[in-house]
Amino acid sequence: MADTNVEQWPYHSSIPQVSLEYPLLLTHLDLSRAVFSDRSLLVKIMKGCTSLQALSMEGQDMGEDAASICGAIGRNQSLSRLDLSMTVGINAVAARLICQGCPIIQHLNLSWSSLDQETILTFCSNLPLSVTRLNMAGSLNKSSLDDDAVEKLVISCPNLKELDLSDNVNITEKGLHCINSLPQLESLSLNRCYGIPPMNFLMCGHLYALNVFGCITDSGLVALKNGLIETEVNGVVFNYIAKPTVPPAVTSIWGRRTKDFY
190 MADTNVEQWP
200 YHSSIPQVSL
210 EYPLLLTHLD
220 LSRAVFSDRS
230 LLVKIMKGCT
240 SLQALSMEGQ
250 DMGEDAASIC
260 GAIGRNQSLS
270 RLDLSMTVGI
280 NAVAARLICQ
290 GCPIIQHLNL
300 SWSSLDQETI
310 LTFCSNLPLS
320 VTRLNMAGSL
330 NKSSLDDDAV
340 EKLVISCPNL
350 KELDLSDNVN
360 ITEKGLHCIN
370 SLPQLESLSL
380 NRCYGIPPMN
390 FLMCGHLYAL
400 NVFGCITDSG
410 LVALKNGLIE
420 TEVNGVVFNY
430 IAKPTVPPAV
440 TSIWGRRTKD
450 FY
């Protein structure tokens, strides 16, 4: 249903009742950028899903229904991939419902969502140990994710292998030290994290990949690459954590083949 425009029922009549007496059998659901003229239908769809393994809500405005929608997401205990990038409406209560209800989630994308500081702290403090790939780049307030949040995140998610905290300007070298304590971390993105002195990135030589676009001058980048011989520096521009469709694939979601109908 990605990019679908779900219009109101024609002829000025009310939306027909959606029967959800039995749980929907969906396991993979892509609602990226889908537009619902009446959000109640989105709520009904989500409340009918209890077997989801992968879900994308990219760009959804949950509004006042955020608690209902996130509570429904939290009833999918088999969920392992969740994309909530660029969503609007998620608050601390909704965040807690997701964290408590999804015990085996592995890949989570929260980039550029309208998360305030309380909500970010709720996620960082309550995410399950199962999370291995996390994108929390950007937020409603770029200063919401700071060193304290990073410290809580490292405690909650010690098994992280890939982490993107780009565009969070209040992360300093203290936060970087916390991140570097993650024993399994392989890939780290801190693009435009201006609070970290560039020389501190030299402590990241144990990583396979480090992305720090916008944090360092051209000459500094050369020095950094020379100092991190075993690490690929600024080799990845885009992050696709939990995304349903990853280029060059165009006919699959989360690795599962889909059919195009014309």
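Numbering of the sequence shown is given in this note's numbering, commencing with residue 190 and proceeding in unit increments. C-beta atoms are modelled at their ideal positions from N, C-alpha and C, and glycine is treated no differently.
Backbone secondary structure at residue i - three-state DSSP
i: Leu-323; result: strand
i: Cys-404; result: coil
i: Ile-293; result: coil
i: Phe-390; result: helix
i: Leu-230; result: helix
i: Leu-310; result: helix
i: Asp-353; result: strand
i: Cys-367; result: helix
i: Asp-250; result: strand
i: Ser-332; result: coil
Spatial neighbours of residue i in its chain, beta-carbon cut-off 7 Å, leaving aside the 5 residues before and after
i: Gly-260; result: Leu-286
i: Arg-264; result: Thr-239, Gly-290
i: Thr-216; result: Ser-240, Leu-241, Gln-242
i: Val-435; result: Tyr-429
i: Thr-447; result: Thr-440, Ser-441
Own chain partners of residue i with C-beta closer than 6 Å, once the 5 adjacent residues on each side are dropped
i: His-296; result: Arg-270, Arg-322, Ile-430, Ala-431
i: Ala-326; result: Ser-300, Asp-353, Ser-355, Asp-356
i: Leu-231; result: Phe-225
i: Glu-351; result: Arg-322, Ser-376
i: Leu-310; result: Ala-338
i: Leu-244; result: Leu-218, Leu-271
Nearest-angstrom beta carbon gap, residue j and residue i [assumed within contact, 8 Å]
i: Leu-342; j: Cys-382; result: Wrong, their Cβ atoms sit about 14 Å apart, outside the cutoff.
i: Pro-433; j: Asp-272; result: 7 Å
i: Gly-252; j: Arg-228; result: 6 Å
i: Leu-417; j: Gly-394; result: 5 Å
i: Asn-315; j: Ser-345; result: 7 Å
i: Ser-452; j: Ser-328; result: Shown here, the chain extends from 190 to 451; a query on residue 452 therefore has no answer.
Residues that residue i bridges to, as DSSP identifies them
i: Ala-243; result: His-217, Arg-270
i: Val-411; result: None, per the DSSP bridge assignment.
i: Leu-299; result: Looking at the DSSP assignment, Leu-299 forms no beta bridge with any residue, so it has no partner.
Cβ neighbours of residue i in the same chain (closer than 8 Å, five flanking residues each side left out)
i: Pro-292; result: Gln-266, Pro-317, Ser-319
i: Leu-212; result: First, the amino acid is wrong: residue 212 is Pro here, not Leu. Within the same chain, Pro-212 has close Cβ partners Gly-237, Cys-238, Thr-239, Ser-240.
Across the region 417-426 and the region 378-393, are there enough close Cβ pairs to call them in contact, namely three or more that are closer than 8 Å?
Yes: at least three Cβ pairs fall under 8 Å.
State whether the region 357-364 contacts the region 333-340, with contact taken as three or more CB pairs (one from each stretch) at a distance under 8 Å.
Counting Cβ pairs under 8 Å, three or more are found: they touch.
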